[in-house]
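Going by the working numbering, the first residue of the sequence shown is number 73, and it counts up by one from there.
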Amino acid sequence: MENFLTSDAIRTLFSQAMSNMYQQEVPQYGTLTQLVTAVNERTLEAHPALKNRLAAADELSRLSVERHGAIRVGTAEELSTLRQMFAVMGMEPVGYYDLSQAGVPVHSTAFRPVTDSALRRNPFRVFTSLLRLELIDDDDLRARAAAILAARDIFTPGCRALITQHQQQGGLTAADAAIFVKEALETFRWHAQTTVDSVTYRALSQQHRLIADVVCFRGCHINHLTPRTLDIDRVQTLMPTRGIEPKTLIEGPPRREVPILLRQTSFKALEEAVHFNDGTPGTHTARFGEIEQRGAALTPKGRMLYDRLLAEAGTGSDNQHHQQHLSAVFRDFPDDEETLRNQALAWFRYRLTEQGIQHPPQAGETLKQLLAAGRVQAEPMVYEDFLPVSAAGIFQSNLGDVAQARSAGNASRADFETALGTAVLDEMALYQQMQQRSLERCGIR
Ligand code: OOG
Ligand code: NI
Numbered sequence: 073m074e075n076f077l078t079s080d081a082i083r084t085l086f087s088q089a090m091s092n093m094y095q096q097e098v099p100q101y102g103t104l105t106q107l108v109t110a111v112n113e114r115t116l117e118a119h120p121a122l123k124n125r126l127a128a129a130d131e132l133s134r135l136s137v138e139r140h141g142a143i144r145v146g147t148a149e150e151l152s153t154l155r156q157m158f159a160v161m162g163m164e165p166v167g168y169y170d171l172s173q174a175g176v177p178v179h180s181t182a183f184r185p186v187t188d189s190a191l192r193r194n195p196f197r198v199f200t201s202l203l204r205l206e207l208i209d210d211d212d213l214r215a216r217a218a219a220i221l222a223a224r225d226i227f228t229p230g231c232r233a234l235i236t237q238h239q240q241q242g243g244l245t246a247a248d249a250a251i252f253v254k255e256a257l258e259t260f261r262w263h264a265q266t267t268v269d270s271v272t273y274r275a276l277s278q279q280h281r282l283i284a285d286v287v288c289f290r291g292c293h294i295n296h297l298t299p300r301t302l303d304i305d306r307v308q309t310l311m312p313t314r315g316i317e318p319k320t321l322i323e324g325p326p327r328r329e330v331p332i333l334l335r336q337t338s339f340k341a342l343e344e345a346v347h348f349n350d351g352t353p354g355t356h357t358a359r360f361g362e363i364e365q366r367g368a369a370l371t372p373k374g375r376m377l378y379d380r381l382l383a384e385a386g387t388g389s390d391n392q393h394h395q396q397h398l399s400a401v402f403r404d405f406p407d408d409e410e411t412l413r414n415q416a417l418a419w420f421r422y423r424l425t426e427q428g429i430q431h432p433p434q435a436g437e438t439l440k441q442l443l444a445a446g447r448v449q450a451e452p453m454v455y456e457d458f459l460p461v462s463a464a465g466i467f468q469s470n471l472g473d474v475a476q477a478r479s480a481g482n483a484s485r486a487d488f489e490t491a492l493g494t495a496v497l498d499e500m501a502l503y504q505q506m507q508q509r510s511l512e513r514c515g516i517r
């Protein structure tokens, strides 16, 4: 029996290699990561209670390795091969995101680990979008884009071979895993040379800048990597001191006592030099930097309340006012753990305290009694996914600020799953199972 590396270990090698590559490619990402690390350290020093609870929930160690990235692909074959590539790293497609309602001609999923232990080790996620060529209204241009995409292979032969080998053997040795990581990285590397001439590039770009970004290159370059901060407001304020200009608004919920879901901000995409294959020079704007602050995962009931309040708040043109307004609107969202739990607005992970280990739950004792007696403790679960409205805001801030309306709400989950080659997992079911299993581990049924 061969000695295989765990998928957790391969994922960590890969996310580290990706981070190193992106740091070389986009130095501002390195600067932003340093700022996030500094702010996280200060936040932990200033809030020992936060530090203790993160440590108790075994979440402190994952913080420094935690990242998400984003990529965009053009064909069903590319998407399904990516699914198989990410499977080697223990990452599965979770959730369906329809961005067409925001005028972005893509639909997406998030590849991420799904088990408690894998998430604790390294929750690396990749937000992956599939271009919807059917939303290009010019017939000739659509056919041309499809032909260009059909002629490229964004995976190296070595990467394809190791994916197959993994499927056949059920694992990879450390030596093979190292080669796999190196080969897989090639898919996400930046190419300054386009596969098309300047006329084609411009025609596609005029349809939608995203279309040119997906169609005109040899690979699906990683377009951002996002470290997790414990204080996004502070990082947003400090970004200009490091020469980084943030987008105007922080996306997502307001600052709260008990953070919920996901707050995000980014800096604008860089205008980078490219060479068209007719020999002329030009520029392309795709790659940027982003940070996120993660909070509690919400139940469907909590999520409905979030969506309603977010829609009610609308957007603003000034972050300070927008945040104040959001905070006012979100007064209707309970902001203490007990109420969030009692009203079943958020998911929780339960564990036995020292006392609970000494006096384990007996048949007939209720969860409420055990919590009151301090024998069981509840921690909100971290939200591991994304938010479509925020994602649309991030996309748009990088496409020039004018939204290009495409098709108002045109979800096509079935088409996406056909392209992917499998159904996406339901994130709510995953949280529910994690909560249930934590209760069972405590001996509560
Ligand atoms: C993806 C944008 C969405 C997020 O964090 O919501 C995203 C993209 O621009 O390709 O990464
Ligand atoms: Ni992102």
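C-beta: ideal position from N, C-alpha, C; glycine also.
DSSP three-state assignment for VAL474, whether helix, strand or coil: With a pLDDT of only 49 at VAL474, under the threshold of 50, the placement of this residue in the model should not be trusted; the figure read from the coordinates follows. Three-state result, VAL474: coil.
Segment contact, 8 Å Cβ cut-off, at least three pairs: the segment 421-437 with the segment 142-151: no
Got a sec, what are the start and stop residues for the beta strand (DSSP E) SER180 sits in? 178-184
So is the beta-carbon of ALA142 under 6 Å away from any non-hydrogen atom of ligand 2? yes
Could you tell me the distance, in whole angstroms, from the CA atom of LEU492 to the CA atom of ALA182? 12 Å
Between the CA atoms of GLU344 and HIS356 - distance to the nearest angstrom: 5 Å
Within the chosen definition, does the segment 293-308 reach the segment 102-113 through at least 3 CB pairs nearer than 8 Å? yes
Just confirm the distance between the C-beta atoms of THR272 and ARG216, as a whole number of angstroms; I'd bet it's less than 8 Å. 7 Å
Keeping to the same chain, check which residues put their C-beta closer than 8 Å to that of MET157; ignore five residues upstream and five downstream. PHE227, CYS231, ILE235, ALA256, THR259
Quick one: what does DSSP say ARG421 is sitting in, helix, strand or coil? strand
ALA463 Cβ short of 6 Å to ligand 1 heavy atom set: yes
Could you tell me the alpha carbon to alpha carbon distance between ALA475 and GLN468, rounded to whole angstroms? Any reading at ALA475 must be qualified, since the residue scores a pLDDT of 47, below 50, and its modelled position is unreliable; no value is offered.
Between which two residues does the alpha helix (DSSP H) containing GLU138 stretch? From DSSP, GLU138 is part of no alpha helix (DSSP H); its letter is neither H nor E.
Does the distance from the C-beta atom of CYS292 to that of VAL496 stay below 7 Å? no
Secondary structure of VAL160, DSSP reduced to three states: helix
Along the chain, which unbroken stretches of the alpha helix (DSSP H) at least 4 residues long are found entirely within the segment 256-323? 270-279, 281-287, 304-310
Report the residue ranges of all beta strand (DSSP E) runs contained in full by the segment 338-394; include only those spanning at least 3 residues, in chain order. 343-347, 353-357, 361-366
Which term fits HIS280, buried or exposed, when burial requires 16 or more other beta carbons within 10 angstroms of its beta carbon? buried
Mind checking whether HIS431 and ARG413 have CB atoms under 7 Å apart? no
Express the C-alpha separation of TYR168 and PRO372 in angstroms, rounding to a whole number. 15 Å
Along the chain, where does the beta strand (DSSP E) that runs through SER87 open and close? Segment 79-97 is the alpha helix (DSSP H) holding SER87; no beta strand (DSSP E) there.
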